[in-house]
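Here is the structure we will look at, set down as structure tokens.
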Amino acid sequence: MINLKRYIYVGIGGGIGSMSRFGLLKITQIETILFPYSTILINLFGAFILTFLINLTCFKIKFPKDFQIAINVGLIGSFTTFSLMMTDIIQLTNLPYILFIYYLMMIIGGLIASFSAYLFALSLNKKGDLS
Amino acid sequence: MIFYIILGGMIGAIFRLGLNDIFRSNLISTWLANFIGSLLLVYLFSLNNHGLISHITYSFWGIGFSGAFTTFATVNNQLFEALLNKQYKKVLILSVTTYLGILIFAFLFYYCLNFFIFN
Chain A
35 MINLKRYIYV
45 GIGGGIGSMS
55 RFGLLKITQI
65 ETILFPYSTI
75 LINLFGAFIL
85 TFLINLTCFK
95 IKFPKDFQIA
105 INVGLIGSFT
115 TFSLMMTDII
125 QLTNLPYILF
135 IYYLMMIIGG
145 LIASFSAYLF
155 ALSLNKKGDL
165 S
Chain B
-17 MIFYIILGGM
-7 IGAIFRLGLN
3 DIFRSNLIST
13 WLANFIGSLL
23 LVYLFSLNNH
33 GLISHITYSF
43 WGIGFSGAFT
53 TFATVNNQLF
63 EALLNKQYKK
73 VLILSVTTYL
83 GILIFAFLFY
93 YCLNFFIFN
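As structure tokens, this is what we get:
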């Protein structure tokens, strides 16, 4: 069974996500700096928000499933990108040390972002239980 | 131009959800989306380097579709959850197939394109 409403929601989320990604890239990346820090910024921010929402109890309870998927799969999925990371790396081939640092910042940074988002969500969940 | 990016992004996200519905397994569908989307962007990137592609086509397929079709947050979260649950074998498979595997394919594809087609 294909849930058509879900596809429409995810499409809208995807449009907003791509637009924000492009806007942020244009705003934050200074063209004279070759290091593609904007991609790191976007991916780590998206990674933080996704893990935060997945572990936040009130997000899962209060919002309908289709809306959650529109945010998690549509908006954040489109906002963060894997393909841009690949072309960034191809452009850094001549600078292997910087390439290595870039990739490490992305992978390890993503896990750190997820871990802090997880702890943040857990602390908010606890607060919600007490009140 | 922003219109083409939004349109491409909508279609990319819908295709990723479609893959998700086909495969049932999030791990396989996310890997496949990242793999296909990365190769697509590498191809467009090579075309763009040689001035063989219009701005609109690159905006729609590259920034919009391929950018939205591929995702970092989901892979990262899968990896994080596997680490949290101490599923170290899954951590190893996920990180090697995604972070190393797709990168190697992207590089190979890029050099093959430039060697055989754009030389």
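Chains as they are written, first to last, in the working numbering: chain A, 35 to 165; chain B, -17 to 101. For each residue, glycine too, the CB sits at the ideal point set by N, CA and C.
Closest in C-alpha terms to D122/A, from the list T12/B, H37/B, M(-8)/B, G49/B, comes G49/B. For chain A, the residues of the segment 55 to 85 of chain B that bring a beta carbon within less than 9 Å of one of its beta carbons are A55, T56, V57, N58, N59, L61, F62, E63, L65, L66, S77, T80, Y81, I84, L85, in chain order.
The closest CA to that of I142/A, considering only F100/B, S28/B, N59/B, is found on N59/B. When DSSP states are grouped into helix, strand and coil, Q63/A belongs to the coil group. F51/B has its alpha-carbon roughly 6 Å from the corresponding atom of R(-2)/B. Judged by DSSP secondary structure, V24/B falls within the alpha helix (DSSP H) whose first and last residues are 8 to 31. Along the segment 66 to 143 of chain A, the alpha helix (DSSP H) occurs as fully enclosed runs of 4 or more residues at 71 to 89, 91 to 96, 99 to 103, 117 to 125, listed in sequence order. Identification of chain A residues near Y25/B by a Cβ-Cβ cut-off of 8 Å yields none; the smallest Cβ-Cβ distance measures about 10 Å.
In the DSSP annotation of this structure, the continuous segment of the alpha helix (DSSP H) that includes I(-13)/B starts and ends at -16 to 5. Approximately 4 Å separates the beta-carbon atoms of G46/B and I(-13)/B; this is inside 8 Å, confirming the contact. By the 16-neighbour rule on beta-carbons within 10 angstroms, S20/B is buried. CA-to-CA, the gap between V78/B and I76/A works out to about 23 Å. Here the C-alpha atom of F82/A lies approximately 11 Å from the C-alpha atom of F62/B. In this structure, F93/A sits near Q102/A, with a CB-CB distance shorter than 8 Å. At a cut-off of 8 Å between beta-carbon atoms, M53/A makes contact with chain B.
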